[in-house]
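Per the working numbering, the sequence shown runs over residues 1071 to 1346. For glycine and all other residues, C-beta sits at the position ideal for the given N, C-alpha and C. Report on the structure given below.
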Amino acid sequence: MKPARFEYVRPARLDEAVRLVAGAPDETAVIAGGQSLLPILALRLTRVGCLVDVSRLDELARCDASARHVTIGAATTHAAIEDGLAPDPGQGVMRRIAARIAYRAVRNQGTIGGSVALADPAADWPAGLIALRATAIIAGPQGGRREPVAGLVRGTYMTSLTPGEIIVGFEVPVLADGARVGISKVVKKTGAFAMSLAIVVLGDGGARVALAGAGGRVLSLAGVGEVLTTWPDASGERLEAALAEDLVGEIDVADAYAARLHRATVMQAVAEARAR
Ligand SMILES: Cc1cc2nc3c(=O)[nH]c(=O)nc-3n(C[C@H](O)[C@H](O)[C@H](O)COP(=O)(O)OP(=O)(O)OC[C@H]3O[C@@H](n4cnc5c(N)ncnc54)[C@H](O)[C@@H]3O)c2cc1C
């Protein structure tokens, strides 16, 4: 199918883009890489009067690094990050996350900002940026604001973004010396979203574990993180017991396959982090 007719504008400045979207929030939509929005429009699951293309705005292309954090512009493509064209907070983690997304054709167009704004619960960047404690930098009709990605992403295709707000970029804290990151992702076939994706950060002022693909939102596995913070060499049994607790109420407990799958990705990500 083809999408219904829409207008297309590519403003030269961020404030103009904000003004256009905020002025007619029901009629306009921001478009970046178009990898998710265009299929939705083509299937006529939604209609829009005007697409406001933010993919070439200078403000959304800006990437830089300081001693404390790296900043990645929202319009940075997965491919650019995979190719090392964006700064890394440590452990090559940004490249490692980007390289696992879909296949190269999607990575060439899809952007980190579009991925977070879409808030697919099985997507890679929301989980990765939550595990890395990233903060989103947002422009809007009321001015700028910042919000941790963990708060911005609310649920399946739900964020805290209000009409007219545009994600400008992400600030990712540099990992502590000696911090290690493990990533494990299981997909049905190349190019598919994760059935389970675990991202484990060890030794970064404690341990953190994010899990995607397990229900309607990215899970921060507080119990597993606490065990790994207190006992970095905790046994598999201890970690599995903490994971089982973390998943209560989050996945269908009768679904033994899902429970085994998430256990496998979490344990594999822990093992990878420990081995680095
Ligand atoms: C075949 C296929 C396989 C895929 N597999 C994976 C996968 O394995 N893992 C994964 O994580 N992703 C996957 N994706 C998603 C893809 O990687 C993109 O990240 C995703 O489509 C959104 O990025 P985009 O730049 O294309 O956003 P768009 O499609 O342009 O926009 C998506 C949504 O975000 C909004 N938006 C975009 N940019 C901004 C911004 N800066 N501020 C505010 N709102 C904004 C749009 O209005 C729209 O609602 C897949 C996509 C396809 C087509």
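Within its chain, find whatever has a CB closer than 8 Å to the CB of residue i; leave out the 5 residues flanking it on each side and keep chain order.
i, result
"residue 1079", "1090, 1120, 1121, 1122, 1123"
"residue 1126", "1080, 1145"
Just to confirm, is the Cβ distance from residue i to residue j under 8 Å?
i, j, result
"residue 1349", "residue 1220", "Absent from the model: residue 1349. The displayed extent of the chain is 1071 to 1346, so no value can be given."
"residue 1236", "residue 1118", "no"
"residue 1239", "residue 1162", "no"
"residue 1259", "residue 1335", "no"
"residue 1207", "residue 1241", "yes"
"residue 1270", "residue 1309", "no"
"residue 1326", "residue 1252", "no"
"residue 1226", "residue 1286", "yes"
"residue 1158", "residue 1176", "no"
"residue 1232", "residue 1210", "yes"
"residue 1246", "residue 1223", "no"
"residue 1105", "residue 1180", "yes"
Using a Cβ-Cβ cut-off of 6 Å (strictly less than) and excluding sequence neighbours within five positions of residue i, which residues of its own chain qualify?
i, result
"residue 1192", "1263, 1264, 1282, 1283"
"residue 1168", "1148, 1151, 1152"
"residue 1203", "1243"
"residue 1111", "1073"
By DSSP's criteria, residue i is part of a beta bridge. Which residues make up the other side?
i, result
"residue 1134", "1141"
"residue 1266", "1256"
"residue 1229", "1223"
"residue 1098", "1120"
"residue 1215", "1208"
"residue 1278", "1271"
"residue 1077", "1120"
Could you say which of the options lies nearest to residue i if we only look at CA atoms?
i, options, result
"residue 1073", "1127, 1189, 1292, 1107", "1107"
"residue 1301", "1285, 1324, 1319, 1272", "1272"
"residue 1130", "1333, 1088, 1116", "1088"
"residue 1160", "1274, 1278, 1228", "1274"
"residue 1278", "1319, 1200, 1178, 1210", "1200"
"residue 1196", "1215, 1171, 1257, 1128", "1171"
"residue 1084", "1298, 1297, 1132", "1132"
"residue 1250", "1304, 1205, 1345, 1323", "1345"
Spell out whether any CB of chain B is found under 8 Å from the CB atom of residue i.
i, result
"residue 1074", "Reference to chain B is not applicable here, since this structure consists of a single protein chain."
Quick one: what's got a C-beta closer than 7 Å to residue i's C-beta in the same chain, skipping five residues either side?
i, result
"residue 1154", "1165"
"residue 1330", "none"
"residue 1113", "1071"
"residue 1315", "1293"
"residue 1333", "1310, 1313"
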